[in-house]
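Protein chains in written order, with this note's numbering: chain V, 1303 to 1625; chain Y, 28 to 525.
Where is the CB? At the ideal position from N, CA and C, for every residue including glycine.
Please read these numbers as outputs of a predicted model, since none were measured by experiment.
Have a look at the structure below before the remarks.
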């Protein structure tokens, strides 16, 4: 029993501990500016990780999200630059760019999902393949360099990252909405229940009249669209895309899901846990940058320890339940 | 002559349930000893004890007259006792030669592939088996895997060879080869234990026959002392008065009619009719196509043929179609297809009917109310409601699965193996649930390999053999002998009609 609650509260306790540690190490840590910075940076990985939670819960995996983000960013920038002469600088241009991002994300998700559910190829293999394809395509389109958004368009688009509502940046607001919607979907809708059932045992789900392939396909489509949404909020930050955009985002997203207590083998998903996981990862990064205690170069090592620790806690939980 | 392997007064209990009640059994060198009995009579348990896979709760196992206690199948194998299991023990990704020499590979630091390949070839030649030693098990048909399994046993220089239904997956030609091999082994002084549901094989092969029923030996006979009919009679026959509910007499009109139904590749030309308030039992051997038929009827497998509900033809292409037409199916595989073992009772109960628990958001109170109802209707006993279903007893799992199947309020329910792996008390409870459903006006199809169950529950019995209807028995025609005859194909008396 104690182990079960430990695995549920463990990530939360770790988060609180990090906040206390951060406040103790640096006076600036709790400033509005720093908190906004941490949350806004978390938002991109966070939205993707929420989608990833559903994919993993239903027994899947998507390694392509980082490359997909780079590809979507590239397509979005190309489309917007091409549309500047017809639409001019303004809302229609930005909306068109956003539409392109969401549609490309949707198509990428459909592609991954169909290969996995219809062709019956392992999710790991399919998304390892598309990961390479997306990244290579964006590098090729950029001719090895950088795709930059039209300067004036960029000036107009910038506020989507830097502005907000009541002093809260847009990416944070959108992330919060996605997180709440994700949590509700997982806990209180058929779709969430089906995801858990499929990840737990897809044969049982099939024999219970659950449309297994359709549900799995939708998890990949939702994830693709969330990657699109994250890209919409990310592009105005730098106004460019290159072969190294979104590098290793897939690993951060998967790590956040696992730290949050979702089972990697599927069957059990916890969206709020994923949010906590994302925040833990960004806080570690932030604290290392603010404090001189440990070199920021060790960021990856510390994150690695946290991931392994989270899985050990999960194992403790499952063996306690198995008894 | 001392028997090379014998059991005296062997009992075996799993938990509080005793499966074998004091068995004496012996095997002599150079004989074929057939062990026959219905499914669940205790044959597999007996063979596992002989093969060292299980230890008896009491009683002793003797090898060449001296008591032995094997700790594992491998230990028994080292002493020359080899079991050929029904579910094969072959590594699918290794080659035939690799498998034959698995665990006793030739060579020193490096494997001597050439010697192993030649050795495997010699063994396969001995079996007239055309399979290449380099073929991967995965690529072989089931019958070839059986031959490889036999070659593997031969390679282990077996003194005692225990064969669990070796002919079940072989073609007629391969069975002839198998018989020749068995003859050869017999004259070489090997002791053979043979089980089969094909009684004609038993009377052809066996020097001695032991009949097991309900975990006890009910008949021992020498060759020619027991006819095939005699075997069938010995295998069956017991008093079932209290376990089963009284028979129903009041049936309504036909609610389900199936014509010329086929579920490729196995099930063909099946026709049946089911009346309101009736329990139709479907009997047959494993692999006779019963589950395939049921899964075809509820849209889990592609099929063709006509399904009529209350006289009107309907298409059932998916479980959702079946639900819409009031047909439900309870799977035989409770743990792998029926229940999510790591989920709670509530999540399992409502999984197939979630649509009824909220349009957009699921209503937890409604789900809880459904669970409360199910727990009282089906007497489900769980220490806590949020316990993972895998921690419940098989009986309580089965009751929950029954509750889940009945949740959409079907008019026709197909129950595949209603009581597999369940103690006798819960069995009886489930029989009374089924009776209650029938009396409430539902129509029930019960598929079962448990003969007493089929006889005790069914108003009519349909017997399947090799994917077809072997016959239908009604009223006073239903008897154990009649069903066994149809199962074994020793009688064509009952016409294949409905």
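- Per the coordinates, the alpha-carbon of residue 472 (chain Y) lies some 25 Å from the alpha-carbon of residue 372 (chain Y).
- Between the alpha carbons of residue 416 (chain Y) and residue 426 (chain Y) lies a distance of about 11 Å.
- Runs of the beta strand (DSSP E) lying entirely within the stretch 318 to 356 of chain Y and spanning at least 3 residues, in chain order: 331 to 336, 339 to 341.
- In the DSSP assignment, residue 1609 (chain V) forms no beta bridge with any residue.
- Put simply, the stretch 1358 to 1368 of chain V touches the stretch 1515 to 1532 of chain V. At least three CB pairs are less than 8 Å apart.
- The residues 1586, 1587, 1590, in chain order, have a CB closer than 8 Å to that of residue 1601 (chain V) in the same chain once the five nearest residues on each side in sequence are set aside.
- In this structure, the straight-line span from the alpha carbon of residue 191 (chain Y) to that of residue 71 (chain Y) is close to 8 Å.
- Chain Y has no Cβ within less than 8 Å of the Cβ of residue 1573 (chain V).
- For a cut-off of 8 Å, the C-beta gap from residue 59 (chain Y) to residue 50 (chain Y) is around 19 Å, too long to register as a contact.
- The C-alpha of residue 1582 (chain V) is placed about 15 Å away from the C-alpha of residue 1551 (chain V).
- Contact annotation: residue 1375 (chain V) and residue 1476 (chain V) have beta-carbon atoms that are not nearer than 8 Å.
- Between the alpha carbons of residue 1422 (chain V) and residue 1513 (chain V) lies a distance of about 15 Å.
- Around residue 370 (chain Y), the beta-carbon contacts reaching into chain V at under 7 Å are 1502.
- For residue 1448 (chain V), there is no enclosing alpha helix (DSSP H); the enclosing beta strand (DSSP E) covers residues 1448 to 1450.
- By alpha-carbon distance to residue 221 (chain Y), the top candidate from Y:77, Y:466, Y:479, Y:359 is Y:77.
- In this structure, the CA atom of residue 421 (chain Y) is about 7 Å from the CA atom of residue 448 (chain Y).
- Boundaries of the beta strand (DSSP E) around residue 94 (chain Y): 93 to 95.
- Assigned with DSSP and collapsed to three states, residue 89 (chain Y) falls in strand.
- Counting every other CB atom within 10 Å of its CB across the protein chains shown gives residue 446 (chain Y) a total of 16 or more, marking it as buried.
- Residue 1420 (chain V) has a beta carbon lying at 8 Å or more from every beta carbon in chain Y.
- At the C-beta level, residue 158 (chain Y) and residue 169 (chain Y) stay beyond 8 Å of one another.
- Nearest CB-CB separation between residue 421 (chain Y) and chain V: not below the 8 Å threshold.
- Look at residue 112 (chain Y) here: in three-state DSSP terms it is coil, with no helix or strand label.
- Near chain V, meaning a CB-to-CB distance below 7 Å, the residues of the stretch 348 to 367 of chain Y are 350, 358, 363, 364, 365, 366, 367.
- At the C-beta level, residue 278 (chain Y) and residue 304 (chain Y) come within 8 Å of one another.
- Listed in chain order, the positions of the stretch 1496 to 1520 of chain V with a beta carbon within less than 9 Å of a beta carbon of chain Y are 1496, 1498, 1499, 1502, 1503, 1505, 1506, 1507, 1508, 1509, 1510, 1511, 1512, 1513.
- When the alpha-carbon of residue 177 (chain Y) is set against those of Y:82, Y:274, Y:209, Y:347, the nearest one is in Y:209.
- Within the same chain, 39, 72, 75 come within 7 Å of residue 81 (chain Y) by CB-CB distance, once the 5 residues on both sides are set aside.
- Under DSSP, the beta-bridge partners assigned to residue 189 (chain Y) are Y:110, Y:220.
- Here residue 284 (chain Y) is bridged, per DSSP, to Y:300, Y:335.
- For the stretch 375 to 388 of chain Y, residues whose beta-carbon sits nearer than 9 Å to a beta-carbon of chain V comprise 375, 377, 378, 379, 380, 381, 382, 384, 385, 387, 388.
- Assignment of residue 393 (chain Y) by DSSP, reduced to helix, strand and coil, places it in the helix class.
- The C-alpha of residue 1483 (chain V) is placed about 20 Å away from the C-alpha of residue 382 (chain Y).
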